[in-house]
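Read top to bottom, the protein sequences are chains G and R.
0 is the number of the first residue of the first sequence in numbering that gives the first Met the number 0; add one for each residue after it.
0 is the number of the first residue of the second sequence in numbering that gives the first Met the number 0; add one for each residue after it.
For glycine and all other residues, C-beta sits at the position ideal for the given N, C-alpha and C.
Notes follow the structure.
Number of protein chains: 2
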Amino acid sequence: MRIALLGYGTVGSSFHKLIDIKKNLLKEKYGVMPQLIAICDRSGCMINEEGISYEAAYKAKIKSGHICDKDNGMHPLDVIRELSLDLMVETTTANFKTGEPALSHIFESMKRRIHVITTNKAPLALHMPALLEEASLNGVEFLYSGTVGGGTPFISFGEKVLRGNTLKEIKGILNGTTNYVLGRIIDDRLQMNEALSEAQKLGIAEADPTLDLNGFDSAAKLVILMNHLLGNRITISDIKISGINESLPAYKSDQTVKLIASSSPEPKVSMEVIKRGSPLDVSSTYNVLEFSVEELGKIYVTGKGAGGQETAASIIRDVVELKEKLMQKSYQIY
Amino acid sequence: MRIALLGYGTVGSSFHKLIDIKKNLLKEKYGVMPQLIAICDRSGCMINEEGISYEAAYKAKIKSGHICDKDNGMHPLDVIRELSLDLMVETTTANFKTGEPALSHIFESMKRRIHVITTNKAPLALHMPALLEEASLNGVEFLYSGTVGGGTPFISFGEKVLRGNTLKEIKGILNGTTNYVLGRIIDDRLQMNEALSEAQKLGIAEADPTLDLNGFDSAAKLVILMNHLLGNRITISDIKISGINESLPAYKSDQTVKLIASSSPEPKVSMEVIKRGSPLDVSSTYNVLEFSVEELGKIYVTGKGAGGQETAASIIRDVVELKEKLMQKSYQIY
């Protein structure tokens, strides 16, 4: 399986390391032989038709901080156009204004019948209906399990466990950082800036936590879940979004406040008052999703949000799933 | 698919009603054409080689309180031995002393290469390793998703969502009745007998709640989960069991007490002190299971325990799964 990896931060490089470590397992158990023939980051692209080892990429990155010490003139779109590829893995940084450069990487790959795995939420948040249509039009697989709950498999639960049932609504907490910060404000009476700088020191919040705090990260995940599990065709502009701030809604002693993403009655992300001890009242950095199922009532899946390692592991799972989907179609691409 | 239904209480009769209601869906969507050719309860057996309608069984039951107004001399084991059957569905009452009569119904069916679906936990709690071996020896399918979390699909989550991951331990609350009673004792200072009679009035506890209170129901479910998900081969005698009573273990104000079933370090059901607000602190009649997964950390699935309706629906799901398993093996049995 000939792969181009676009983006070589924590997620991209952890994925590279994982396929090196799991090479034998992937081959023997799943019949997958992944070969990274191109890796691109902001500095340019490293290309090797025989496959790039983790060691080679690591050495280059140690030397110059980038994958290329001198620009070889190849850029990601050239890689997609000029190399013979089976799969493009997109792990660049999320850009919620334009979705770029990931959006172009994905469209260009699909047009050239290259399968796509992405861990970047932004292109999905902004253009998921168009991306699903483009994938189907070109007969390519489009996998994105790492974009939502890479650590807590909400998509897989909804798809595999609830098969044959009727899922009516989803509702939950989709961002661990804001859940931690809100918990410290409400339960321990911290100021928002105190709670936030503590979360940053603990590695729970990023240096720039804007997209967590303003609700965009939760909204992006809600878009992906609603499109995938409820059959909607929406983008982030269909979601009414507000984030967390210090003017909390009024709540009583047996209640608390959470940043809730919900599909009904209208797609929305906002602070909501919920009953203490109810299943959505999860603490610390936990995420939780409530599935309202016609035949089964309400079921909850709870777990921690994903770090770079878990997100990288989700790409491996998607690679295995891609292989199985292709086998079902009797393709032979490796 | 020629079926004998043994046991015609809430679960059995709800299942019968459901296959009548869902007949077209089952045929068109899944290619399943279930035909109940025998129904047995304590009064005897009703037999019709053309299939027994729900109406016919309902009329008989209204008339005499039983499925047979006069004994036709056929008993369940005769039905299994003498009729040509594809599937035996076992829904008799759980008997944790001997497992009978369900145990004999199941063994006899397997020996005659009749597939088995059971919602009765007792034979599994007492003899699951032997039953799994007998099924495999005779090449029959043995499905029991209704025995654990018919309403909350713990088995299906562990099997389908965690595929490819390494499940190390399970731990949780597997009985909604005791969770409700403990919650009322701890949070609202009720006496145990007050909490219990309230639960009985609300239909949360049965008239005889012994098997819930003494931990046996939870232990039976733990046996089934450990054998199915962790590959153990244990019975209920391998579990250290204590139930709930008024001598609670000492706990602090930020803690509470729950009846916890856990696989490690030793298989055990007992009251345990847990931190308030932690994911195992679920209220009311909720059940919850913690999956400790090597690659993903701890993931929790939470939902309500099953009533008769949900358990009947779990038989339908098992029937569909049976059909799919048989298709994969290219059998043709309907």
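Other residues of its chain near G/G6: CB distance less than 6 angstroms, five sequence neighbours each side excluded: Counting from 1 along the first sequence, the entry for residue 6 of chain G is found at position 7. For G/G6, where only same-chain residues beyond five positions count, the Cβ hits under 6 angstroms are T90 and T91.
Evaluate contact between the stretch 252-267 of chain R and the stretch 214-224 of chain R, counting only Cβ atoms and requiring at least three cross-stretch pairs below 8 angstroms. yes
Flag G/I332 as yes if its beta-carbon sits less than 7 angstroms from any beta-carbon of chain R, otherwise no. By one-based count along the first sequence, residue 332 of chain G stands at place 333. Reliability fails at G/I332, whose pLDDT of 45 lies under 50, so the model's placement of it is uncertain and no value is given.
Cβ-based burial, R/P33 [other Cβ within 10 Å; buried from 16]: The residue given as residue 33 of chain R occupies position 34 in the second sequence. Here R/P33 is buried. Its C-beta has 16 or more other C-beta atoms within 10 Å.
Who are the Cβ neighbours of G/K110 in its own chain at under 8 angstroms, not counting the five residues just before and after it? The sequence position of residue 110 of chain G within the first sequence is 111, counting from 1. If we look at G/K110 and ignore the five residues flanking it on each side, its Cβ neighbours are E133 and N137.
When the cut-off is 7 angstroms and only beta carbons count, does G/A218 lie next to chain R? Translated into the one-based positions of the first sequence, residue 218 of chain G becomes position 219. It does not: the Cβ of G/A218 has no partner Cβ on chain R nearer than 7 angstroms.
Going by the CB atoms, is the gap between R/V300 and G/V139 shorter than 7 angstroms? Within the first sequence, residue 139 of chain G is the residue found at index 140, counting from 1. Within the second sequence, residue 300 of chain R is the residue found at index 301, counting from 1. In this structure, R/V300 does not lie closer than 7 angstroms to G/V139 by Cβ.
So, with DSSP's three-state summary, where would you put G/M191? One-based indexing of the first sequence puts residue 191 of chain G at position 192. Note: G/M191 maps to helix in three-state DSSP.
Assuming R/A59 and R/A37 form a contact by the criterion Cβ under 8 angstroms, report the distance between their Cβ atoms to the nearest whole angstrom. Reading the second sequence from its first residue, position 60 is the one you call residue 59 of chain R. Reading the second sequence from its first residue, position 38 is the one you call residue 37 of chain R. With a Cβ gap of about 13 angstroms, R/A59 and R/A37 do not count as contacting.
Using a Cβ-Cβ distance under 7 angstroms, would R/H147 count as near chain G? The residue you call residue 147 of chain R lines up with position 148 of the second sequence. Per the sequence presented here, residue 147 of chain R reads as Val, with His not at that position. No, no contact with chain G.
Bounding residues of the beta strand (DSSP E) (the contiguous stretch that carries R/M270): Within the second sequence, the letter at position 271 stands for residue 270 of chain R. Run containing R/M270: K267 to K274, per the beta strand (DSSP E) assignment.
Could you check whether R/K16 and G/G296 sit closer than 7 angstroms to each other, using their CB atoms as the reference points? Position 297 of the first sequence, counted from the first residue, corresponds to residue 296 of chain G. Position 17 of the second sequence, counted from the first residue, corresponds to residue 16 of chain R. With contacts defined as CB atoms closer than 7 angstroms, G/G296 and R/K16 fail to qualify as a contacting pair.
If you follow the beta strand (DSSP E) that G/L136 is in, where does it begin and where does it stop? Numbered from 1 along the first sequence, position 137 holds the residue referred to as residue 136 of chain G. Looking at the DSSP string, G/L136 is not in any beta strand (DSSP E); the run it does join, the alpha helix (DSSP H), is K120 to N137.
In its own chain, which residues sit with a C-beta less than 6 angstroms from the C-beta of R/D19, not counting the 5 before and 5 after it? Position 20 of the second sequence, counted from the first residue, corresponds to residue 19 of chain R. For R/D19, where only same-chain residues beyond five positions count, the Cβ hits under 6 angstroms are Y53.
From G/H227 to G/F215, what does the alpha carbon distance come to, in whole angstroms? Against the first sequence, residue 227 of chain G aligns to sequence position 228. Against the first sequence, residue 215 of chain G aligns to sequence position 216. Each residue's alpha carbon lies about 18 angstroms from the other.
Going by DSSP in three states, R/Y179 sits in which element: helix, strand or coil? Looking up residue 179 of chain R in the second sequence gives position 180. DSSP places R/Y179 within a helical segment (H, G or I) once states are collapsed to three.
If you count every other CB in all the chains shown that lies within 10 Å of the CB of G/K28, and 16 or more means buried, which is it? The residue you call residue 28 of chain G lines up with position 29 of the first sequence. That one is exposed.
By alpha-carbon positions, which one of R/C44, R/A55, R/L181 and R/G98 ends up nearest to R/G72? Start at 1 with the first residue of the second sequence, and residue 72 of chain R comes out as number 73. Measuring from the Cα of R/G72, the nearest candidate turns out to be R/C44.
With distances taken from CA atoms, which of R/R188, R/I315, R/K328 and R/M87 is nearest G/N164? Along the first sequence, read from residue 1 onward, the residue named residue 164 of chain G stands at position 165. Looking at the Cα atoms, R/I315 is the closest of the given residues.
Opening and closing residue of the alpha helix (DSSP H) in which G/R112 lies: As a working mapping, residue 112 of chain G is identified with position 113 in the first sequence. Segment: none, G/R112 is in no alpha helix (DSSP H) and carries neither H nor E.
Whose C-beta lies closer than 7 angstroms to the C-beta of R/R275 among residues of the same chain, with five residues either side of it excluded? The sequence position of residue 275 of chain R within the second sequence is 276, counting from 1. Answer for R/R275: D253, Q254 and T255, listed in chain order.
Could you have a look at R/I79 and say whether DSSP puts it in helix, strand or coil? Here residue 79 of chain R is taken as the residue at index 80 of the second sequence, counted from 1. Here R/I79 sits in helix by DSSP.
So that I know if they touch, is there some Cβ in chain G lying closer than 7 angstroms to that of R/P278? On the second sequence, position 279 is the one that residue 278 of chain R refers to. Interface residue, yes.
R/V287, DSSP secondary structure in three states: Here residue 287 of chain R refers to the residue found at position 288 when the second sequence is read from its first residue. Three-state DSSP puts R/V287 in a strand.
Give me the chain G residues within the contact set of R/V180, using Cβ-Cβ distance strictly less than 8 angstroms, ordered along the chain. On the second sequence, residue 180 of chain R is found 181 positions in, with the first residue counted as 1. Under the 8 angstroms cutoff, chain G gives no residues; its nearest Cβ is about 16 angstroms from R/V180.
Report the neighbours of R/T151 on chain G: residues whose CB is nearer than 7 angstroms to its CB, in chain order. Within the second sequence, the letter at position 152 stands for residue 151 of chain R. Near R/T151 (Cβ distances below 7 angstroms), the residues of chain G are I298.
Rounded to a whole number of angstroms, what is the C-alpha to C-alpha distance between R/D186 and R/V180? Within the second sequence, the letter at position 187 stands for residue 186 of chain R. Within the second sequence, the letter at position 181 stands for residue 180 of chain R. Whole-angstrom Cα-Cα distance: 10 angstroms.
Starting from G/A59, trace the beta strand (DSSP E) both ways and give me its first and last residue. Sequence index remark: in the first sequence, residue 59 of chain G carries index 60 (1-based). Element bounds for G/A59: not the beta strand (DSSP E) but the alpha helix (DSSP H), Y53 to S63.
Give the residues from the stretch 294-326 of chain R that approach chain G closer than 8 angstroms (Cβ to any Cβ), ordered along the chain. E294, L295, G296, K297, I298, Y299, V300, T301, G302, K303, E309, A312, R316 and V319
Are the stretch 142-151 of chain R and the stretch 110-126 of chain R in contact at 8 angstroms, needing three or more beta carbon pairs? yes
Between G/F14 and chain R, is the shortest Cβ-Cβ distance under 7 angstroms, so that the two count as touching? Locating residue 14 of chain G in the first sequence gives position 15, where the first residue counts as 1. G/F14 does not count as touching chain R.
CB contact below 7 angstroms: G/K159 versus chain R: On the first sequence, residue 159 of chain G is found 160 positions in, with the first residue counted as 1. Yes, G/K159 counts as interfacial toward chain R.
Does DSSP put G/I154 in a helix, in a strand, or in coil? Start at 1 with the first residue of the first sequence, and residue 154 of chain G comes out as number 155. Correct three-state label for G/I154: helix.
Output yes if chain G places a C-beta closer than 7 angstroms to the C-beta of R/S282; else output no. Here residue 282 of chain R is taken as the residue at index 283 of the second sequence, counted from 1. True, the Cβ-Cβ gap to chain G drops below 7 angstroms.
Ordered along the chain, which non-local residues of its own chain (more than five positions away) have a Cβ less than 7 angstroms from that of R/S13? Counted from its first residue, the second sequence places residue 13 of chain R at position 14. Hits under 7 angstroms: G307, Q308 and A311.
For R/D187, decide whether its Cβ has a neighbour in chain G, counting only Cβ atoms nearer than 7 angstroms. For this step, residue 187 of chain R is matched to residue 188 along the second sequence. False, the Cβ-Cβ gap to chain G never drops below 7 angstroms.
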